[in-house]
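K.L.:
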Amino acid sequence: MTRPETPIPALLLLPLLTALGAAACGGDSLVCAFRGTINQPANRSMRKSMMQKGLADLCKQMTSRSAPLRLSPDSPVVGRYYPLSCSMQEGEPIAVKFSGVGYAWTNVTKKMSFTMTGAVQYKYDFLVTEGEECSVYAYLRTAKVDGSDFRVQKIEAPLASTMNALTPIGENFGRQLVAGKLKDGITVIHDTKSGTDDFSLGLVQLGARPFRPYDVRGSERYTVENERTEVHQNQRDFIGPIEISAPGRALFLKAKLDGAAAIDVFIVRKEEGDASLRYYLDYPQTGPLAAPPMLQDVIQAGVELDRTVPLPKGMYYVVLDNTPTAGQVAPPQNAFDDRAAVVNYLIQLGDAP
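Residue numbers for the sequence shown follow my numbering, beginning at 6 and rising by one.
1) Would the beta-carbon of residue 247 fall within 8 Å of that of residue 142?
2) Out of curiosity, what's the CA-to-CA distance linking residue 307 and residue 347?
3) Per DSSP, which one or two residues make a beta bridge with residue 119?
4) Using the C-alpha atoms, what's the distance from residue 94 back to residue 183?
5) What is the C-beta distance between residue 76 and residue 86, in whole angstroms, given that I count them as a contact (C-beta under 8 Å)?
6) Please list, in chain order, all residues of the same chain as residue 128 whose beta carbon is under 7 Å from its beta carbon, the five residues on each side excluded.
7) Taking all protein chains shown into account, do 16 or more other C-beta atoms lie within 10 angstroms of the C-beta of residue 67, making it buried, or fewer, making it exposed?
8) If distances are taken between C-alpha atoms only, which option among 193, 132, 157 comes closest to residue 201?
9) Short of 6 Å in beta carbon distance, which residues of its chain neighbour residue 316, apart from the five on each side in sequence? Order them along the chain.
10) In the DSSP output, what is residue 143 paired with across the bridge?
11) Looking at the secondary structure, which residues open and close the beta strand (DSSP E) in which residue 92 lies?
12) Grab me the residues of residue 340's own chain with a C-beta within less than 7 Å of its C-beta, minus the 5 sequence neighbours each way, in chain order.
13) How big is the Cα-Cα spacing for residue 312 and residue 46?
14) Starting from residue 271, follow its DSSP beta bridges and name the residues at the other end.
15) How would you call residue 203, buried or exposed, if buried means at least 16 neighbouring beta carbons within 10 angstroms?
16) Could you check what DSSP says for residue 41 in three-state terms: helix, strand or coil?
17) Put residue 205 into one of helix, strand or coil per three-state DSSP.
18) If you drop the 5 nearest sequence neighbours on each side, which residues of the same chain put their C-beta closer than 6 Å to that of residue 101?
19) Taking the beta carbon of residue 138 as the centre, do at least 16 other beta carbons fall within 10 Å, making it buried, or is it exposed?
20) Quick check on residue 281: buried or exposed, where buried means 16 or more other Cβ atoms within 10 Å of its Cβ?
Here you go:
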């Protein structure tokens, strides 16, 4: 079985790092001006104190968005984890307990939905790059894994589902996933010029950058996600929830497709998106959406999609769809020829034109 190596509990903390990165950079010009002093090993207590300002909204941040799952750090997204609850005990290290649901694709199970709970302790710190480009690297280093529980809910492939009932390959996969990967840390890179945050599994060396399909440095828009995802035959990817926090704002979507002729893309309200996601998690086979989307379009191979979508204040999902049960595209159905759609996409928020 091809196993996603990204630790789900670690990915759950990506929203936390947004708060930590923002707290560390609360005064970007000040941080950049005094980075030589800030970076000194003797001043770690000062850096910790600055990052603690971002911990107040930890659980709110953690439960406000999903976390992408990958087979390896630079490979496409193959699933998502949606945190539903969390609690935190402040201190050094911070102790976080969480639970949620998600889905992942493997070559044996096809779609596999699951629940995941865990408790992890993390030490935290940040450093600032030298030179013209002043970026803040916030780090979470795993101090202790207090516990985790991964449980498979539904498996799409009938044979794999039967095998899981006899020998729990899904649960075993989850335990191996957690036990082997929870020791990896996380890095968030805060770009002080654009105000955007870039997340990466593992401890990224100060000054290095993870792969991203679009170069957004210098952009005035807020980047929600800048990813490469792999949407297999009869699969969907629910990106979000994404918050439009005020009137007069728009969602800016760019996407390029490879590996398939075309796939559908939808924008749906959170209420309808939650219901459609629930169907996707609860049933092995993918059916229609719970309600018609607000907007639908088609991403075609070789043609970049570039849409500006003014939206009222609220919460939304962007849904990539490689199924015949929704949208305009009816991808060919061949059990022995899975044409995975590889989508490079960029979702940003900004003022509506």
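By construction, the Cβ of each residue, glycine as well, lies at the ideal position given by its N, Cα and C atoms.
P.N.:
If we stick to the structure as given:
1) Not closer than 8 Å, so no.
2) The alpha-carbon atoms of residue 307 and residue 347 are separated by roughly 12 Å.
3) DSSP lists 107, 157 as the bridge partner or partners of residue 119.
4) Confidence is the limiting factor: at residue 183 the pLDDT is only 46, short of 50, which leaves the residue's position unreliable and the question unanswerable from this model.
5) Actually they are not in contact, since the Cβ atoms of residue 76 and residue 86 sit about 15 Å apart, beyond 8 Å.
6) The beta carbon of residue 128 sits closer than 7 Å to those of 97, 98, 146, 148, all from its chain and outside the five residues before and after it, given in chain order.
7) With 16 or more other Cβ atoms within 10 Å, it is buried.
8) With distances taken between Cα atoms, residue 201 lies closest to 193.
9) Around residue 316: 249, 256.
10) In DSSP, residue 143 forms a bridge with 131, 193.
11) It spans 82-94 - the beta strand (DSSP E) in which residue 92 sits, taken as one unbroken run.
12) So no residue of the chain qualifies.
13) Straight-line Cα distance between these residues: approximately 46 Å.
14) Beta-bridge analysis with DSSP links residue 271 to 301, 324.
15) With 16 or more other CB atoms across the displayed protein chains lying within 10 angstroms of its CB, residue 203 is buried.
16) Here residue 41 sits in helix by DSSP.
17) Strand at residue 205.
18) Excluding sequence positions up to five before and after residue 101, its CB lies within less than 6 Å of the CB of 93, 125, all in the same chain and listed in chain order.
19) By the neighbour-count rule (16 or more Cβ atoms within 10 Å), residue 138 is not buried but exposed.
20) Residue 281 comes out buried.
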